[in-house]
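S.K.: Numbering of the sequence shown is given in our numbering, commencing with residue 3 and proceeding in unit increments. Supplied in structure tokens, the structure appears directly below.
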Amino acid sequence: MEIVRDCWESNEVNCFAEKLTLCAEKLSSWGKEITGTLNHRIKSYKAQLKSLHDKRDSASVQQYKEVKDQLFRAINQRECYWKQRSKQFWLREGDQNSSYFHKAATIRKHNNQINALKDDNGNWVTWETGLPQVVDNYFHGLFTSANTSCNEIIDCVSHIVPDWVNVELGHPIQEEEVKKALFQMHPDKSPGPDGMTPAFYQKCWPIVKGDVVQYVRQFFENGELKDECSEANVVLIPKKKHPEFIADMRPIALCNVLYKIITKVLVNRMKPFMNSLISENQSAFIPGRLISDNVMVSFEILHYLKRKRKGKEGYMALKLDMSKAYDRVEWSFLEAMLRKVGFQEKWVQLVLRCVTSARYKVVYGNHEVGPIIPTRGIRQGDPLSPYLFILCAEGLSAILKKYEQRGWIHGCKVANGAPRISHMLFADDSYLYCKATENEASRIKDVLQKFENASGQKVNFTKSSIFFSANTEEGVKQRLCQSLSMRTAPDGSFYLGLPSSMGRNKNASLGYLKEKVQKRLQGWGTKFISRAGKEVLIKAVAQALPSYAMNVFLIPLETTREMESLIAKYWWQSSSTTSSGIHWMSWKRLCQHKSKGGMSFRNLRDFNVALLGKQCWRLLINQDSLVSRVFKARYYPNGTFTSASLGPNPSYVWRSILEAQKLMANGVCWQVGDGNSIPVLGEAWLPDETNPRIMSNHPSLLSAKVTNLMKQGSFEWDEELLNDLFEPRDRDLILQIPLDSSITRDCLVWSRELSGVYTVKSAYRLLQELKGEMDLLETAENKFWKQFWSLKLPPKMKNLVWRAGSGCLPTMLQLCFKHVPVEARCPICSGEDESTLHALVTCTAAKRCWDRVGIGTVVQQEDTFLVWCINSFRLLEKEKKELLVALCWSIWNARNDKVWQNKRVEADSIVSSAKTFLNQWKNAQDSVIETTFSGSLAEDAAVCWAPPIVNSVKINVDAAMFNENRQFGVGLVARDMQGVLIEGCTKLFQGQVSPATAEAMGIREVLSWIKKKRWTNVCIETDCLQVIQALRSTIEMRSMFGQVVNVCKDMLKFLKDVSIYFVRRSANMVAHSFARASIFYPDCTFSLESVPTDLLPILVAEMVI
């Protein structure tokens, strides 16, 4: 930081580019000095420790600690260095996986290596014998514009950008959105030509933000983009294992971070409006749309074609392969599309300035080719490029729709009432659907030729294929394949990485998933990675590999069990030389939550069902989407998804989705608004997770809606009517539901999330509860595991104690239980059999360690190590709990040193090692680069109330629950800069809501109060972190909590200088007291003179005298 600050404040440099160059030079020198000597320093530190190990004088002991600290820091630096080079972002630093990262970086470098390629004549050339010329010729040809004419495509496109969107796009740039764009980047992504990664800007944001924000503002004001900013290095990534030609390489542009900040700001402004600009046939990059939408619709159409055996005319599906899609985009076509859809001229020019300013150099090791100055193409690696590409693809969609409207082509229709679909697009992956006739094939060729002439996009016909319906004659198939220069789609072909169709043997069709998991696990091995690293790897990578397929397909049990077996085998494998290790625990126990003693690995079948549940949720909620309309017409034309059945001749996607129907029935319920959409009987709408449906069976309820249970013309329950029609259980539950005049829309919500929106995580948990594997009652054991896993300790230490507490530690006695031929006696004291408790606690050598730190070792005869831990955690403070875990780890290491290397076991050394390593690790965590955009709201929260600044108002708000009365209240307290009460309010509400919802309603009351009083410069404080996070979030929220939050967001847009902050309860005690008092003083307003005497003392205590 000091180097960066010195460079930024230096008098030698003036502009941003000069500061960056100077900074890069200084940091490069410093980096070489640090990393270049790492291995030498580590070796030297280890030698010093070895010479000091047996010395006992105070000076040597102190020197030993200092050298060990230096060694730990150097090892951490080495691990971080190799992690950054390996690009293994899934694994955390801090567990000394340096060898693994080194290996990963080495393999990555080897896989990307290019020593020679063939030229146009088929001759092999190297970097010394002509490869630079091959590269230069290829990219100059690829990035050179052809003569294009785009009018025929542009004429089909509609003007769809409204004026208000252009107003939103043109707002002045705010510092916060520049920061957001920067912190959306992964800190260790590869740098551009200036050599700076996102981590540099993120770590040094307080120093560089002024120049960065000014640079971005200048661009948005006058389109100024200096050449050095828009330069990019192009790296070549092989598309296949053994590339031969330059076309087998994928060019990735490494742009400067400053340029990517600018384009990310552009994207962040444009993204919210893309859903209305891009047709429903395109699923890529649009918020709210998923790749699975394309897969589901395309799979359903192909299933229809496969089963279509009747009719004179067949249908065909054309799977198109676009050649070098991004690189061939014509700038003139992009410009015409931007203008035609209705973007204002300034926005068009800003986008084009980014695109046309590209300057490339192809870099490989010490080789450089260039500069290459393109006249077409958009950069792969530029955040803006995907959105520009799908905008260009709208041209293809527009002309296809025109041809369909004129009756020149006919899309597929999977059922009566289903939409007719002529194409599905996902970026450059395309499926076109039409009748299998020569006339329509000719029309399709015409469309593709016109689109190529306009956009530069070229179909690679040799890699494209056609899938015909079952009723298409063989002769027709051959003629159409010849006419379109395509081949028939082979069996087992894939679309978007998934099988296009499914045969009878599902294990064969989806068996590739097991092979992918096996290949990845074998590639990792065990030699270079710690057990704690294995945990992260399994959860973040191995179990995530099949999740893409699991989104739309129910994986057969045989395949999931084989994958789980592979993962379990890898988990227990003790070394790379053995094919398997001792399986100390069943996979079922490993899948239990960490609070129950497991490792929280996923049960793949339950995870699969939870993922499929997401598709069910989308079919329920987004009923106007293309995928919902297709599936409704095909499988439940006269009903709803919840009542749908398998039906005749279903596709495997539909069979799979229905597997999650029971899950949805247990998790989805109605949020009552005006009650017009909710039948009283049969639907889930009561606030009871075990049974949310009405049990009463009064005849008058058969066709009644929930709105009929309310007083006419008001949002109140008709209690007299409820008493007449319902049993006490149902009546009491109905009265718990609050009715709010600001929430008039009935909507389906996911009951297991505060937001009311389905999540795979909560659905998986619900599945565990339904199976009885998620015990809701907290036992002493559960409480211990929760406390244990929440400790901030090195993963290797926690993993050791988990193994010990779960009976998975290879002590001599445990090995005997597993039929390993060893002596059960303790190898340290030989006094008794070596159980886990004995090895870590009651052995004489271990006892001496515990005595030195003041942790008791008294146990009952039948106690286990886990029981000792539970009892110890009840008595110890947090620091001592951490020391207990660290000392267990150190004792076990010393025990292993004795067993395998016959080293002496010394209590002082063991205790010192535990304390030293723990302190070193904590110090290392303090220096980790923090790159989270939102920061920690909780850590920055005020602990004591403080008065507002001059000429402003501070309002504290809190909520209180009175569930026994089916009521809740809020307290609002407005004070001036001296802490003097301006006004206080209490509000009392009927019904029961979640505490977070009550707090959100308190914020809503405050905002209404501010509007009524016309206050400005207002600071609002609440002690509910969930509300603050929700107000700052952009995620969808459907629940009552979410709807109240949305109302608050809308109100904030129209209030001047109002800010909301999270504070601790201790800084919100006056509002807390007012909220508690709302039960006694409902709906009251107080001045300082009229405050009740029981509330006055706490109010006066916070006044500034």
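By construction, the Cβ of each residue, glycine as well, lies at the ideal position given by its N, Cα and C atoms. All of these numbers come straight from a predicted model, not from anything done at the bench.
Assuming cysteine 356 and leucine 227 form a contact by the criterion Cβ under 8 Å, report the distance between their Cβ atoms to the nearest whole angstrom.
M.R.: Confirmed, about 7 Å.
S.K.: Given this structure, state the Cα-to-Cα distance separating arginine 747 from threonine 918, to the nearest angstrom.
M.R.: If you take the alpha carbons of arginine 747 and threonine 918, they lie about 60 Å apart.
S.K.: Per the contact definition of three or more C-beta pairs closer than 8 Å, is the region 1026-1035 in contact with the region 966-982?
M.R.: In short, these stretches do not touch, since the Cβ pair count stays below three.
S.K.: From lysine 111 to alanine 429, what distance separates their C-alpha atoms?
M.R.: Summary for lysine 111: the model assigns pLDDT 48, below 50, so the residue's position carries little reliability; its value from the coordinates is reported in the next sentence. Straight-line Cα distance between these residues: approximately 29 Å.
S.K.: Are there any heavy atoms of the ligand PLP lying less than 8 Å away from the beta-carbon of phenylalanine 141, as far as the coordinates show?
M.R.: In terms of ligand content, the structure shown is empty, and the ligand PLP therefore cannot be addressed.
S.K.: What is the C-beta distance between glycine 684 and valine 708, in whole angstroms, given that I count them as a contact (C-beta under 8 Å)?
M.R.: Between valine 708 and glycine 684 the Cβ distance is about 12 Å, and since that is not below 8 Å, they are no contact.
S.K.: With distances taken between CB atoms, is the gap from tyrosine 435 to methionine 318 smaller than 9 Å?
M.R.: Yes, Cβ-Cβ distance for tyrosine 435 and methionine 318 is below 9 Å.
S.K.: With distances taken between CB atoms, is the gap from leucine 817 to alanine 841 smaller than 9 Å?
M.R.: No, Cβ-Cβ distance for leucine 817 and alanine 841 is not below 9 Å.
S.K.: Provide the residue(s) that pair with glycine 973 in DSSP beta bridges, ordered along the chain.
M.R.: Paired residue(s): Asp960 and Thr988.
S.K.: Please classify alanine 1115 as buried or exposed, where buried requires at least 16 neighbouring CB atoms within 10 angstroms.
M.R.: Outside the shown range of the chain, which is 3 to 1107, sits residue 1115, and nothing can be said about it.
S.K.: Starting from the C-beta of proline 373, find all residues in its chain whose C-beta is less than 7 Å away, skip the five residues before and the five after it, and write them out in chain order.
M.R.: So the qualifying residues of the chain are Arg361, Tyr362 and Lys363.
S.K.: CB-CB under 6 Å to asparagine 553, same chain, minus the five flanking residues each way: which ones, in chain order?
M.R.: Cβ within range, chain order: Ser294 and Leu613.
S.K.: Give the single residue among Gln922, Lys243 and Val137 whose Cα lies nearest to the Cα of aspartate 71.
M.R.: Among Gln922, Lys243 and Val137, the Cα nearest to that of aspartate 71 belongs to Gln922.
S.K.: Out of Asn958, Ser954 and Asn270, which has the shortest C-alpha to C-alpha gap to arginine 947?
M.R.: It is worth fixing the name first, because residue 947 is tryptophan in this sequence and not arginine. Closest option to tryptophan 947, Cα to Cα, is Asn958.
S.K.: Should valine 822 be labelled buried (16 or more other beta-carbon atoms within 10 Å of its own) or exposed?
M.R.: Exposed is the call here.
S.K.: Tell me which residues share the same chain as cysteine 158 and place their Cβ nearer than 8 Å to its Cβ, disregarding the 5 neighbours each side in the sequence.
M.R.: So the qualifying residues of the chain are Gly397, Ala400, Ile401, Lys403 and Lys404.
S.K.: Apart from the five residues just before and just after serine 147, which ones in its own chain have a Cβ nearer than 8 Å to its Cβ?
M.R.: The answer, listed in chain order, is Glu332, Trp333, Ser334, Thr377, Arg378 and Gly458.
S.K.: Should the region 319-330 be regarded as contacting the region 464-475, the criterion being three or more beta carbon pairs within less than 8 Å?
M.R.: With the cut-off at 8 Å, the region 319-330 and the region 464-475 touch.
S.K.: Is glutamine 863 helix, strand or coil by DSSP?
M.R.: Coil at glutamine 863, not helix or strand.
S.K.: If leucine 1033 sits next to valine 1049, beta carbons under 8 Å apart, how far is it from one beta carbon to the other, in whole angstroms?
M.R.: At roughly 11 Å, the Cβ-Cβ gap does not stay under 8 Å, so leucine 1033 and valine 1049 are not in contact.
S.K.: Looking at glutamine 346: is its Cβ nearer than 9 Å to the Cβ of glutamine 738?
M.R.: Not closer than 9 Å, so no.
S.K.: Would you kindly report the start and end of the unbroken alpha helix (DSSP H) that includes aspartate 690?
M.R.: First-last for aspartate 690: undefined, no H or E at that position.
S.K.: Kindly give me the distance between the Cβ atoms of valine 632 and glutamate 302, rounded to whole angstroms, as I take these residues to be in contact under 8 Å.
M.R.: Indeed they touch by this definition, with Cβ atoms about 6 Å apart.
S.K.: I'd like to know if the region 634-646 and the region 787-801 are in contact, where contact means that at least 3 CB-CB pairs between them fall below 8 Å.
M.R.: Short answer: they don't touch.
S.K.: Taking the Cβ atom as the reference point for each residue, do glycine 807 and tryptophan 787 lie within a distance shorter than 9 Å?
M.R.: Going by C-beta atoms, glycine 807 is nearer than 9 Å to tryptophan 787.
S.K.: List the DSSP bridge partners of aspartate 835.
M.R.: According to DSSP, which records beta bridges pairwise, aspartate 835 is partnered with Arg827.
S.K.: Would you say the region 1037-1046 touches the region 1076-1085, given that touching needs at least three Cβ pairs under 8 Å?
M.R.: Because the criterion of three Cβ pairs below 8 Å is not met, the region 1037-1046 and the region 1076-1085 do not touch.
S.K.: Would you call the CB atoms of valine 297 and leucine 260 closer than 9 Å?
M.R.: Their beta carbons are not under 9 Å apart, which means valine 297 does not touch leucine 260 by this criterion.
S.K.: Going by DSSP in three states, arginine 381 sits in which element: helix, strand or coil?
M.R.: The answer is coil: DSSP assigns arginine 381 none of H, G, I, E or B.
S.K.: Output needed for glycine 383: all residues of its chain with C-beta closer than 8 Å, excluding positions within five of it in sequence on either side, in chain order.
M.R.: Ala234, Ile254, Ala255, Leu256 and Cys257.
S.K.: Using the rule of at least 16 other Cβ atoms within 10 Å of the residue's Cβ for burial, across every protein chain shown, is isoleucine 239 buried or exposed?
M.R.: Its Cβ having fewer than 16 others within 10 Å, isoleucine 239 is exposed.
S.K.: Would you mind reading off the limits of the alpha helix (DSSP H) that contains glycine 669?
M.R.: It spans 663-669 - the alpha helix (DSSP H) in which glycine 669 sits, taken as one unbroken run.
S.K.: My output table needs one value for leucine 750: the three-state DSSP class, helix, strand or coil.
M.R.: Strand.
S.K.: Exposed or buried, which one is glycine 726 when buried takes at least 16 other CB atoms within 10 Å?
M.R.: The sequence as given places aspartate at residue 726; glycine does not occur at that position. By the neighbour-count rule (16 or more Cβ atoms within 10 Å), aspartate 726 is not buried but exposed.
S.K.: To which residues does DSSP link aspartate 157 through a beta bridge?
M.R.: BP columns for aspartate 157 are empty, so no partner.
S.K.: Quick one: using the 10 Å Cβ neighbour count with 16 as the cut-off for buried, is lysine 634 buried or exposed?
M.R.: Per the 10 Å Cβ criterion, buried.
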